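Engineer: Protein chains in written order, with our numbering: chain V, 2 to 273; chain B, 80 to 249.
This is the structure:
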């Protein structure tokens, strides 16, 4: 009981102390302009810190509500993200369809690779479009980074294409904008390496020149950039063989476009 | 000393403080005051709340009747009254408070009394100089004023401490 009284006395003493100090400060403030500014400054600082502290405390207790809001927002963003991913997926297909320069006489069909082999000497790929979608044999398979294969056989809904990473196929290619044409084929071991063969010795070229499709084969549209010329060597003293670094990385291949030359039969008919 | 006798002496010392405040301006660096020791010597049987009220009225009286700022002495003196028992407990020990006795030079020794006076004086001066400068004077000025006023105040207080806190066994 006595201890309780002692506490009450202390509290009363503290209260009286605060009251008397406030009264003193108030008198000081009223009677001296310098002290008025000083007290006002101190009071503003004190109130600022009190408000700041109370704001921080309020913010802390508001965290639960904010967290709930953020969780809801997160869920909404996830939903939006999923929708956007769908749109991007569709846009990729559309890009394949419209991103490649259109050449008169060619029909383009965007496809997605269903199956692809990369670790053989005779690699292939199976695409998700077939005869029903307008795919025909001997159509070129391209991307915006170059040539990737040639359609060999077609079913109703799928087609089978030989990959450029297949030692059995070669593509008619030209070095430089107006250079000599030769046959481009896979080097047989690297993921983006190829050789451009049968370039006559009289044609000059530089290391770093771009290699394009020539358009002579009727399979691929002309002027599709394929890669960059590297080192070269003379074969049998008659022609050059040039190493080419392809633009297309076959390990990151998923969407392609099948290009079919509508005039192929007509041109072939004339050749006969 | 009986309470009535103490307060008669107390009032006389307030008048003495008024004289000090109004007529003894040695230099701007020295503030002569006996108010802290007067509050320190208020009988310990009087509780802290009442001591603070006495200190407040004393400070206000000196402020009103001297050339100082109204409220300045009261502002600095009330904390001395508030901390008085703690200072006594710290310097003279719990035993003095438990017995309900007051300190004196003969009973507690001059050293302890001077220490208590210095502590009370320091607390008073710190608040007084701080509030008086109101943030307009440089730190070094306040510091020099504090350093000069502290020993001067203790010396003046020594002259009155035996009057306010006499030894009852004399």
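Note that CB positions come from ideal geometry on N, CA and C, so glycine has one too.
No experiment lies behind these values; they were computed from the predicted model shown.
Indicate whether residue 21 of chain V and residue 135 of chain B have their beta-carbon atoms separated by less than 8 Å.
Structural biologist: Translated into the one-based positions of the first chain, residue 21 of chain V becomes position 20. Translated into the one-based positions of the second chain, residue 135 of chain B becomes position 56. In contact: residue 21 of chain V and residue 135 of chain B (Cβ atoms closer than 8 Å).
Engineer: Taking the alpha-carbon of residue 143 of chain B as reference, which of V/25, V/166, V/158, V/138 has the nearest alpha-carbon?
Structural biologist: For the purposes of this step, residue 143 of chain B is identified with residue 64 of the second chain, where counting begins at 1. Ranking V/25, V/166, V/158, V/138 by Cα distance to residue 143 of chain B puts V/25 first.
Engineer: Please work out which residues of its chain come closer than 6 Å, Cβ to Cβ, to residue 261 of chain V, disregarding the five sequence neighbours upstream and downstream, and give them in chain order.
Structural biologist: On the first chain, position 260 is the one that residue 261 of chain V refers to. Closer than 6 Å at Cβ, skipping near neighbours: 108, 137, 140.
Engineer: Does DSSP put residue 115 of chain B in a helix, a strand or coil?
Structural biologist: Looking up residue 115 of chain B in the second chain gives position 36. Reduced to three states, the DSSP call for residue 115 of chain B is helix.
Engineer: Can you tell me the Cβ-Cβ gap for residue 230 of chain B and residue 202 of chain B, rounded? I've got them flagged as a contact below 8 Å.
Structural biologist: Residue numbering aside, residue 230 of chain B sits at position 151 when the second chain is read from its first letter. Residue numbering aside, residue 202 of chain B sits at position 123 when the second chain is read from its first letter. That pair is no contact at about 15 Å.
Engineer: Would a check of beta-carbon distances place residue 148 of chain B closer than 8 Å to chain V?
Structural biologist: If you number the second chain from 1, residue 148 of chain B lands on position 69. Yes, because at least one Cβ of chain V sits closer than 8 Å to the Cβ of residue 148 of chain B.
Engineer: Would you please verify whether the beta carbon of residue 51 of chain V is less than 8 Å from any beta carbon of chain B?
Structural biologist: Locating residue 51 of chain V in the first chain gives position 50, counting from the first residue. Residue 51 of chain V does not count as touching chain B.
Engineer: Output needed for residue 169 of chain V: all residues of its chain with C-beta closer than 7 Å, excluding positions within five of it in sequence on either side, in chain order.
Structural biologist: Numbered from 1 along the first chain, position 168 holds the residue referred to as residue 169 of chain V. Same-chain partners within the cutoff: 123, 163.
Engineer: Can you tell me which residues form a DSSP beta bridge with residue 123 of chain V?
Structural biologist: Residue 123 of chain V sits at position 122 when you count from the first residue of the first chain. V/167, per the DSSP bridge assignment.
Engineer: How long is the line joining the alpha carbons of residue 131 of chain B and residue 12 of chain V, rounded to whole angstroms?
Structural biologist: By 1-based counting over the second chain, the position of residue 131 of chain B is 52. By 1-based counting over the first chain, the position of residue 12 of chain V is 11. Roughly 14 Å between the two C-alpha positions.
Engineer: Starting from residue 260 of chain V, trace the beta strand (DSSP E) in both directions and tell me its first and last residue.
Structural biologist: To locate residue 260 of chain V, count along the first chain from 1; it is residue 259. Per DSSP, residue 260 of chain V belongs to the beta strand (DSSP E) from 256 to 262.
Engineer: Considering only residues of the same chain and omitting the five flanking positions on each side of residue 36 of chain V, which have a CB-CB separation below 7 Å?
Structural biologist: On the first chain, residue 36 of chain V is found 35 positions in, with the first residue counted as 1. Excluding positions up to five away in sequence, the list reads 29, 30.
Engineer: In whole angstroms, what is the alpha-carbon distance linking residue 88 of chain B and residue 236 of chain B?
Structural biologist: Stepping through the second chain from its first residue, residue 88 of chain B is reached at position 9. Stepping through the second chain from its first residue, residue 236 of chain B is reached at position 157. Cα to Cα, residue 88 of chain B sits roughly 14 Å from residue 236 of chain B.
Engineer: Can the beta-carbon of residue 257 of chain V be found less than 8 Å from the beta-carbon of residue 144 of chain V?
Structural biologist: Position 256 of the first chain holds residue 257 of chain V. Position 143 of the first chain holds residue 144 of chain V. Their beta carbons are under 8 Å apart, which means residue 257 of chain V touches residue 144 of chain V by this criterion.
Engineer: Is the CB of residue 39 of chain V under 8 Å away from at least one CB in chain B?
Structural biologist: Counting from one through the first chain, the residue named residue 39 of chain V turns up at place 38. Chain B, which has a Cβ nearer than 8 Å to the Cβ of residue 39 of chain V, makes this yes.
Engineer: Between which two residues does the beta strand (DSSP E) harbouring residue 240 of chain V extend?
Structural biologist: Indexing the first chain from 1 puts residue 240 of chain V at position 239. First-last of the beta strand (DSSP E) with residue 240 of chain V: 240 to 247.
Engineer: When you compare the CB of residue 157 of chain B with every CB in chain V, is at least one pair closer than 8 Å?
Structural biologist: Taking the second chain and counting its residues from 1, the one referred to as residue 157 of chain B is at position 78. Taking Cβ atoms only, chain V reaches closer than 8 Å to residue 157 of chain B, which makes this a yes.
Engineer: DSSP three-state call for residue 145 of chain V: helix, strand or coil?
Structural biologist: Translated into positions along the first chain, residue 145 of chain V becomes position 144. Residue 145 of chain V falls in the coil class under three-state DSSP.
Engineer: Would you call the CB atoms of residue 128 of chain V and residue 159 of chain V closer than 8 Å?
Structural biologist: Within the first chain, the letter at position 127 stands for residue 128 of chain V. Within the first chain, the letter at position 158 stands for residue 159 of chain V. Yes, they are a contact pair.
Engineer: Determine whether the Cβ of residue 63 of chain V lies closer than 8 Å to any Cβ atom of chain B.
Structural biologist: Looking up residue 63 of chain V in the first chain gives position 62. It does not: the Cβ of residue 63 of chain V has no partner Cβ on chain B nearer than 8 Å.
Engineer: Mind checking residue 9 of chain V: buried by the 16 CB within 10 Å criterion, or exposed?
Structural biologist: As a first step, residue 9 of chain V must be located in the first chain, where it is residue number 8. It counts as exposed.
Engineer: Can you tell me the Cα-Cα spacing of residue 62 of chain B and residue 64 of chain V, whole angstroms?
Structural biologist: Outside the shown range of chain B, which is 80 to 249, sits residue 62 of chain B, and nothing can be said about it.
Engineer: With three or more beta-carbon pairs closer than 8 Å as the criterion, would you say the segment 235 to 243 of chain V touches the segment 188 to 204 of chain V?
Structural biologist: These segments touch.
Engineer: Check this for me: beta carbons of residue 1 of chain V and residue 220 of chain V, under 8 Å apart or not?
Structural biologist: What is shown of chain V runs 2 to 273, which leaves residue 1 of chain V out entirely.
Engineer: Along chain B, which residues have their Cβ under 8 Å away from the Cβ of residue 14 of chain V?
Structural biologist: As a working note, residue 14 of chain V is residue 13 in the first chain. Under the 8 Å cutoff, chain B gives 126, 127, 128, 131, 161.
Engineer: Restricting to runs no shorter than 3 residues, where is the beta strand (DSSP E) found entirely within the segment 141 to 175 of chain B?
Structural biologist: Fully enclosed beta strand (DSSP E) runs of 3 or longer: not present.
Engineer: Residue 107 of chain B: which of B/242, B/239, B/212 sits nearest, CA to CA?
Structural biologist: The residue labelled residue 107 of chain B in the question sits at position 28 within the second chain. The option with the nearest alpha carbon to residue 107 of chain B is B/212.
Engineer: How would you label residue 48 of chain V, buried or exposed, when you count the other beta carbons within 10 angstroms and need 16 or more for buried?
Structural biologist: Along the first chain, read from residue 1 onward, the residue named residue 48 of chain V stands at position 47. Residue 48 of chain V is exposed by the Cβ-count criterion.
Engineer: Report yes if the CB atom of residue 227 of chain V is closer than 8 Å to the CB atom of residue 254 of chain V, and no otherwise.
Structural biologist: Numbered from 1 along the first chain, position 226 holds the residue referred to as residue 227 of chain V. Numbered from 1 along the first chain, position 253 holds the residue referred to as residue 254 of chain V. The answer is no: Cβ separation not under 8 Å.
Engineer: Taking the alpha-carbon positions, what's the residue 57 of chain V to residue 196 of chain B distance?
Structural biologist: Against the first chain, residue 57 of chain V aligns to sequence position 56. Against the second chain, residue 196 of chain B aligns to sequence position 117. Rounded to the nearest angstrom, the two C-alpha atoms are 43 Å apart.
Engineer: Indicate whether at least one CB of chain B lies closer than 8 Å to the CB of residue 44 of chain V.
Structural biologist: Translated into the one-based positions of the first chain, residue 44 of chain V becomes position 43. By this cut-off, residue 44 of chain V is not an interface position.
Engineer: Mind checking which residues open and close the beta strand (DSSP E) that includes residue 223 of chain V?
Structural biologist: The residue given as residue 223 of chain V occupies position 222 in the first chain. No beta strand (DSSP E) contains residue 223 of chain V, which DSSP labels as neither H nor E.
Engineer: Mind reading off the beta-carbon distance from residue 176 of chain B to residue 167 of chain B? Whole number of angstroms is fine, and I expect it under 8 Å.
Structural biologist: If you number the second chain from 1, residue 176 of chain B lands on position 97. If you number the second chain from 1, residue 167 of chain B lands on position 88. About 6 Å; that satisfies the 8 Å criterion.
Engineer: Which residues in the same chain have their Cβ closer than 7 Å to the Cβ of residue 97 of chain B, if we skip the five residues on either side of it in sequence?
Structural biologist: Locating residue 97 of chain B in the second chain gives position 18, where the first residue counts as 1. So the list reads 141, 144, 145, once near-sequence residues are dropped.
Engineer: With distances taken Cα to Cα, identify the nearest neighbour of residue 231 of chain V among V/60, V/244, V/211.
Structural biologist: For the purposes of this step, residue 231 of chain V is identified with residue 230 of the first chain, where counting begins at 1. Ranking the options by Cα distance to residue 231 of chain V, first place goes to V/244.
Engineer: If you follow the beta strand (DSSP E) that residue 195 of chain V is part of, which residue opens it and which one closes it?
Structural biologist: Here the question's residue 195 of chain V lines up with position 194 in the first chain. Taken as a continuous stretch (DSSP letters only), the beta strand (DSSP E) holding residue 195 of chain V covers 194 to 201.
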